[in-house]
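Undergrad: Okay, handing you the structure first.
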Amino acid sequence: MSVISSYARALAVQTGRAQPVATVRHVHLSATPMVFIPLKLAGEAAAPLAALVGTDPANPRLLVVPQPRNRDLRFAFMAELADVMLPYIEGFAAVTETVEAKTPYERSSDAPQLLVPNRGGVAFTKLLGRSTRFRRADGPYPVHPSVPVLGQWLTFLAERAEYAGSSALVALTEALALHWATGQSPMEDANLATQLAWIAPPEGQNGPEAALAAEDPLTSPPAGPETHPDFDGQVLDHAIRAYESSGSPAQVREALRTQLEPTWALMWQAVRLLRGLPEAATVDARWAKDRDQFTRETARLADGGFPRGRVDGAVSAAIRLADLESALQTYEAQRAFDDPLVMTEHRVAGKAFSGEVVAVDATRRIVPPGKTRPAPRPLVTIRTSDPVRLSPGKRLFSSRNRKQKTEIVSIAGDLVVIQINDQMGRGSTPAPGSVPEVGEIVCYAELDPGGGQRPRLPSGEDTPWTHGGPPAPYVPTDEDAQEAWS
Amino acid sequence: MTRLDTLRGPAAPLDHNARTIAALAVNPGCDRRALLDAAGIDKQRTATHLGYPAPFGQSPFAITRAASFDALVKANGCAHLLRLLRDTLDLSISEASYSDISDVGGSDNHQVRHTRTRALLKRAASDGEGAGTLFDHPLLKLGVAGHQVYLEPAIIAFQIEGRFHVVEIKSFAVIDDQADAGQVAAAARQSAVYVYALRALFASEGLDPDRVSHDVVLVCPKDFANHPTATLLDVRQQLAALDRQLSRLTRIDRILDELPVGITFDIEAQSPDEAAKAVSTVDARFAPECLSSCEMALFCRAEARDSGSTDMLGRTARDELGGVESIPTALGLADDSRLPSPEQTEIAEQLRYVRRIYIEAVA
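If you're matching them up, the sequences are chains A and B in order. In terms of the UniProt record's numbering, the first sequence opens at residue 1 and continues consecutively. In terms of the UniProt record's numbering, the second sequence opens at residue 1 and continues consecutively.
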């Protein structure tokens, strides 16, 4: 949120239609994403109730648990879900490409992408992963062998979703909110139906009318994972009773189908809308990271890798946190450099400025601190009307050349002088095009797409006593596998 | 008949509960909610009558689950609970007495139950050293906006070694020692209301209020099973917030004084339009957060939309638009079609700049 998006929201109210807050698409969209709409039973921690899942808009697969309190039926549901998801996920491992790097390596050419309606869907996916990954196909309470495998994959996907810029598991309301500001509050934007009503209202309606209509739980049932309380009381309860007396799940299936199908249509509408936007420059690079991780996880599971433990050890937790922060920093910077509209948010905040180059001292050479010989350090003067809140010495980057380091020399009135420090070739004068020219419109920001460096951390075996000492390596126990699930 | 009774009409007044007080404290500037609650008006029925039924409810599955978990924890003279208390509070409770105050001699009259609660708690506090005592469903009273209200008793008060703890039983799961942050925060806010009310009762009985601990015992199901686990929850922060916000609540008298004479919110006697007009005479302060906690939210939202209020975009947006109250004004300042008032010059300049770079970037 920023004053730009708030202004766009106000505009949306005035015009009766959502307004753009991005000019390009910042999420990767697979050619064959798998849409997954899970529902859970109210009041239970992680009791799956139903799911509509599939890669073909015309052919969703409906899975239900006719009595969600019955654990055997729940695991039968998970086995069925594995039947749909595992061939999709594991199918991507077959085709690989060689990545040219210092040490070339193999990477999957594509990776699975799971689309859920909202953040609740991501959280529930994580819970489903947590509740199934420790299960075993033998011993007491055996489950189908595919269930723990699915649990590992759901855990992997839910964990990827925590990394900024990952597109492995995407909540569509959040993806839409990255690109459009509606005339309602961010809290209400978590409702896919009303959010889409503002973005693409049906013929003859404006955004607020369509959004109001989309709040009717009869025409737009909740997108899950929670169901509507009235539906629970008036329909589902009876249907479950009918199943218990007759043994036929038909009524439960029919009831849940009515709850899920409207959302299914909305999900694909959202996909079409997002596909309509041109892809941002760095989306591909971020998707390559998702593919890297997918390749690694495939290899780990093929080696019989254990399910992820319940809690992280100290060192792995610190590494994870550093990586999450670095991913966020890179993502923020890339998004701004990819999209002038996103950059406006940083300009308003005074962390970036845009303007015309009015003077260039391209031949300037100085002896940089710590060096002995003079080197080119051109000065560029930019006239800007942005409220710059940066101080001399601040390191800046630009979308002209995202690797080039520059720093602020002085700010006087609307004139900002910056010094260019590298990426000018090996000659005694800067290579042509490496320094902006007079009349050019440029934009500099204190956003570093490099993501910063991960702090040096000890290995797991060297965890200091302050952090509990070296953790015992996690080995799944029988107890984990037999954990009660009531 | 007091003016509040007139406002409510012939219907019986509704009890406050910790949830309503916590919600009120979250939005202390809302006169409408404060007044409707103080008069004990059924907001759910009122909102339905006005054509804006509350956007939330509770699933029968959730209610059943909560009730069965509650029953499990309290089964066999709170056997589970005592075991958990021994573990979490690290106590050696050999035995504990249990008294249920949900009805007194067959009477569920509030006054009778409250008097009984006071008497029992006072006696326990004065001589009950050592032995553990559990009081289920204590009926507490609290002064809200200059008005005494009863609190629906959804807790157990537990005394051990002279200290009282509030025990709250919730049915959301704690998975791998982590629970949903939103639900824990809500539970902490609600428990704080009980601690606050219990301390008020102690103070009025001349006992030391600090004998009520700020550590609340939260009992939840563990992982995916039905097995209870207990955690201590420090609610000092919530207590401080509650104290501050309750003291900031507008006095009900002041709101009443500004109302037209003879006005009533009685929905039996008035058409929806008349009732809506009556309710609208009291100012509301809508925020999107109301949608999940206040039954009147959809009515107030419609009002905010009709008046083009920036409130409907959320608090962040409102603040970022410089606190300008209406959307047309904010946009008017941005495109220079409206002259800023002296205090708006700064925000007007920023909005003009925002509009310029927004247009430039979109194009």
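Quick reminder that beta carbons are idealized off the backbone N, C-alpha and C, glycines included.
Check the Cβ-Cβ distances between MET187 (chain A) and every residue of chain B, and say whether any is below 8 angstroms.
TA: In the first sequence, residue 187 (chain A) corresponds to position 187, counting from 1. Chain B, which has a Cβ nearer than 8 angstroms to the Cβ of MET187 (chain A), makes this yes.
Undergrad: Could you have a look at ASP338 (chain A) and say whether DSSP puts it in helix, strand or coil?
TA: To locate residue 338 (chain A), count along the first sequence from 1; it is residue 338. The three-state secondary structure of ASP338 (chain A), taken from DSSP, is helix.
Undergrad: For the putative contact between PHE265 (chain B) and THR2 (chain B), defined by C-beta atoms under 8 angstroms, what is the C-beta separation to the nearest angstrom?
TA: Here residue 265 (chain B) corresponds to residue number 265 of the second sequence, with the count starting at 1. Here residue 2 (chain B) corresponds to residue number 2 of the second sequence, with the count starting at 1. Incorrect: roughly 14 angstroms between the Cβ atoms, too far for contact.
Undergrad: Using the Cβ count rule (16 or more neighbours within 10 Å means buried), how would you classify GLU161 (chain B)?
TA: As a position in the second sequence, residue 161 (chain B) is number 161, starting the count at 1. Exposed, because fewer than 16 other Cβ atoms sit within 10 Å of the Cβ of GLU161 (chain B).
Undergrad: For the beta strand (DSSP E) that PHE164 (chain B) lies in, which residues bound it at each end?
TA: Reading the second sequence from its first residue, position 164 is the one you call residue 164 (chain B). Run containing PHE164 (chain B): 163-169, per the beta strand (DSSP E) assignment.
Undergrad: Closest Cβ-Cβ distance between GLY314 (chain B) and chain A: below 8 angstroms?
TA: The residue labelled residue 314 (chain B) in the question sits at position 314 within the second sequence. Closer than 8 angstroms to some Cβ of chain A, the Cβ of GLY314 (chain B) qualifies, so yes.
Undergrad: Which full runs of the beta strand (DSSP E) of 3+ residues lie inside the region 96-152 of chain A, going along the chain?
TA: 96-99, 105-108, 114-116
Undergrad: List, in chain order, every chain A residue whose beta-carbon is nearer than 7 angstroms to that of ASP87 (chain B).
TA: Here the question's residue 87 (chain B) lines up with position 87 in the second sequence. By Cβ distance, chain A contributes nothing, its closest Cβ being about 19 angstroms from ASP87 (chain B), past 7 angstroms.
Undergrad: Would you please state the rounded distance, in angstroms, between the beta carbons of ASP232 (chain A) and SER59 (chain B)? I believe it to be under 8 angstroms.
TA: For this step, residue 232 (chain A) is matched to residue 232 along the first sequence. For this step, residue 59 (chain B) is matched to residue 59 along the second sequence. About 4 angstroms separates the two Cβ atoms, so the contact holds.
Undergrad: Give the interface partners of GLU479 (chain A) over in chain B, defined as CB-CB distance under 8 angstroms, in chain order.
TA: The residue given as residue 479 (chain A) occupies position 479 in the first sequence. Those do not exist, as GLU479 (chain A) stays about 11 angstroms from chain B at its closest Cβ, beyond 8 angstroms.
Undergrad: Please name the residue in A:GLU325, A:VAL252, A:PHE92, A:GLU226 whose C-alpha comes closest to that of ASP237 (chain A).
TA: As a first step, residue 237 (chain A) is located in the first sequence; it is residue number 237 there, counting from the start. Put simply, of A:GLU325, A:VAL252, A:PHE92, A:GLU226 the residue whose alpha carbon is nearest the alpha carbon of ASP237 (chain A) is A:VAL252.
Undergrad: Look up TYR353 (chain A) in the DSSP assignment and say whether it is helix, strand or coil.
TA: Translated into the one-based positions of the first sequence, residue 353 (chain A) becomes position 353. The sequence given here has Phe at residue 353 (chain A), not Tyr. Strand.
Undergrad: In three-state terms, what does DSSP make of GLU461 (chain A)?
TA: Mapped onto the first sequence, residue 461 (chain A) falls at position 461. Looking at GLU461 (chain A) - three-state DSSP - the assignment turns out to be helix.
Undergrad: Could you check the C-alpha separation between PRO28 (chain B) and HIS467 (chain A) for me, to the nearest Å?
TA: Start at 1 with the first residue of the second sequence, and residue 28 (chain B) comes out as number 28. Start at 1 with the first residue of the first sequence, and residue 467 (chain A) comes out as number 467. Using only the alpha carbons, I get a separation of about 43 angstroms.
Undergrad: Between the C-alpha atoms of THR330 (chain A) and VAL27 (chain A), what's the straight-line distance to the nearest angstrom?
TA: Taking the first sequence and counting its residues from 1, the one referred to as residue 330 (chain A) is at position 330. Taking the first sequence and counting its residues from 1, the one referred to as residue 27 (chain A) is at position 27. Going by the C-alpha atoms only, they are around 14 angstroms apart.
Undergrad: At 7 angstroms on the CB atoms, spell out the chain A contacts of residue 364 (chain B), in chain order.
TA: Beyond the ends of chain B as shown, which are 1 and 363, falls residue 364 (chain B); an answer cannot be given.
Undergrad: Would the region 214-222 of chain A and the region 44-55 of chain A be scored as touching if the rule is three or more Cβ pairs under 8 angstroms?
TA: no
Undergrad: How far does the alpha helix (DSSP H) with GLY204 (chain B) in it reach, from first residue to last?
TA: Here residue 204 (chain B) is taken as the residue at index 204 of the second sequence, counted from 1. As written in the sequence, residue 204 (chain B) is Ser, which differs from the Gly given in the question. 181-204 is the extent of the alpha helix (DSSP H) around SER204 (chain B).
Undergrad: Just the C-alpha distance for GLU258 (chain B) and LYS277 (chain B), rounded to the nearest angstrom, thanks.
TA: Within the second sequence, the letter at position 258 stands for residue 258 (chain B). Within the second sequence, the letter at position 277 stands for residue 277 (chain B). Straight-line Cα distance between these residues: approximately 15 angstroms.
Undergrad: For GLU106 (chain A) and GLY91 (chain A), what's the separation of their Cα atoms in angstroms?
TA: Here residue 106 (chain A) is taken as the residue at index 106 of the first sequence, counted from 1. Here residue 91 (chain A) is taken as the residue at index 91 of the first sequence, counted from 1. Using only the alpha carbons, I get a separation of about 16 angstroms.
Undergrad: Taking only beta-carbon atoms, is GLU483 (chain A) less than 8 angstroms away from chain B?
TA: Counting from one through the first sequence, the residue named residue 483 (chain A) turns up at place 483. By this cut-off, GLU483 (chain A) is an interface position.
Undergrad: With distances taken Cα to Cα, identify the nearest neighbour of ALA46 (chain A) among B:PHE299, B:PHE224, B:GLN245, B:GLU268.
TA: Indexing the first sequence from 1 puts residue 46 (chain A) at position 46. Among B:PHE299, B:PHE224, B:GLN245, B:GLU268, the Cα nearest to that of ALA46 (chain A) belongs to B:PHE224.
Undergrad: Relative to the C-alpha of ALA188 (chain B), which residue among B:PHE164, B:GLU152, B:ARG236 is closest?
TA: As a working mapping, residue 188 (chain B) is identified with position 188 in the second sequence. Among B:PHE164, B:GLU152, B:ARG236, the Cα nearest to that of ALA188 (chain B) is on B:ARG236.
Undergrad: Apart from the five residues on each side of it in sequence, which residues of its chain come closer than 7 angstroms, Cβ to Cβ, to TYR141 (chain A)?
TA: The count along the first sequence starts at 1 and reaches residue 141 (chain A) at position 141. Within the same chain, TYR141 (chain A) has close Cβ partners GLN482.
Undergrad: Where do the N-terminal and C-terminal ends of the beta strand (DSSP E) with VAL417 (chain A) fall, by residue?
TA: Taking the first residue of the first sequence as 1, we reach residue 417 (chain A) at position 417. Residues 415-420.
Undergrad: Taking Cβ positions only, does GLY57 (chain B) come closer than 8 angstroms to chain A?
TA: On the second sequence, residue 57 (chain B) is found 57 positions in, with the first residue counted as 1. So yes, GLY57 (chain B) belongs to the interface.
Undergrad: If you measure from the beta carbon of SER56 (chain A) to each beta carbon in chain B, is any gap under 8 angstroms?
TA: On the first sequence, residue 56 (chain A) is found 56 positions in, with the first residue counted as 1. Here residue 56 (chain A) is Asp; the residue named in the question, Ser, does not match the sequence. ASP56 (chain A) does not count as touching chain B.
Undergrad: What residue does the alpha helix (DSSP H) around residue 364 (chain B) start on, and which one ends it?
TA: Because residue 364 (chain B) is not part of the residues shown, which for chain B are 1 to 363, the question remains open.
Undergrad: When burial is assigned at 16 or more other CB atoms within 10 Å of the CB, is LEU321 (chain A) buried or exposed?
TA: Locating residue 321 (chain A) in the first sequence gives position 321, counting from the first residue. That one is exposed.
Undergrad: With 16 as the cutoff for other CB atoms within 10 Å, does PHE56 (chain B) come out buried or exposed?
TA: Taking the first residue of the second sequence as position 1, residue 56 (chain B) is located at position 56. Under this definition PHE56 (chain B) is an exposed residue.
Undergrad: If you measure between the beta carbons of GLN404 (chain A) and ILE418 (chain A), is that distance less than 8 angstroms?
TA: Within the first sequence, numbered from 1, the residue matching residue 404 (chain A) stands at position 404. Within the first sequence, numbered from 1, the residue matching residue 418 (chain A) stands at position 418. No, the pair does not count as a contact, with Cβ atoms beyond the cut-off.
Undergrad: Straight-line CA distance for LYS141 (chain B) to GLY314 (chain B)?
TA: Numbered from 1 along the second sequence, position 141 holds the residue referred to as residue 141 (chain B). Numbered from 1 along the second sequence, position 314 holds the residue referred to as residue 314 (chain B). Between LYS141 (chain B) and GLY314 (chain B), the C-alpha separation is close to 34 angstroms.
Undergrad: Would you mind telling me which residues of chain A sit closer than 8 angstroms to LEU321 (chain B), beta carbon to beta carbon, in chain order?
TA: Taking the first residue of the second sequence as 1, we reach residue 321 (chain B) at position 321. For LEU321 (chain B), the neighbours in chain A by C-beta distance under 8 angstroms run, in chain order, VAL3, SER6, TYR7, ALA10.
Undergrad: What separation, rounded to the nearest whole angstrom, lies between the Cα atoms of PRO436 (chain A) and MET424 (chain A)?
TA: Taking the first sequence and counting its residues from 1, one reaches residue 436 (chain A) at position 436. Taking the first sequence and counting its residues from 1, one reaches residue 424 (chain A) at position 424. Whole-angstrom Cα-Cα distance: 11 angstroms.
Undergrad: Is the beta carbon of LEU242 (chain B) closer than 8 angstroms to that of HIS194 (chain B)?
TA: On the second sequence, position 194 is the one that residue 194 (chain B) refers to. On the second sequence, position 242 is the one that residue 242 (chain B) refers to. A quick correction: the sequence has Tyr, not His, at residue 194 (chain B). It is not a contact, given that the beta carbons lie outside the stated cut-off.
Undergrad: Would SER171 (chain B) and PHE69 (chain B) qualify as a contact pair, given that the criterion is a beta-carbon distance under 8 angstroms?
TA: Position 171 of the second sequence, counted from the first residue, corresponds to residue 171 (chain B). Position 69 of the second sequence, counted from the first residue, corresponds to residue 69 (chain B). The answer is yes: Cβ separation under 8 angstroms.
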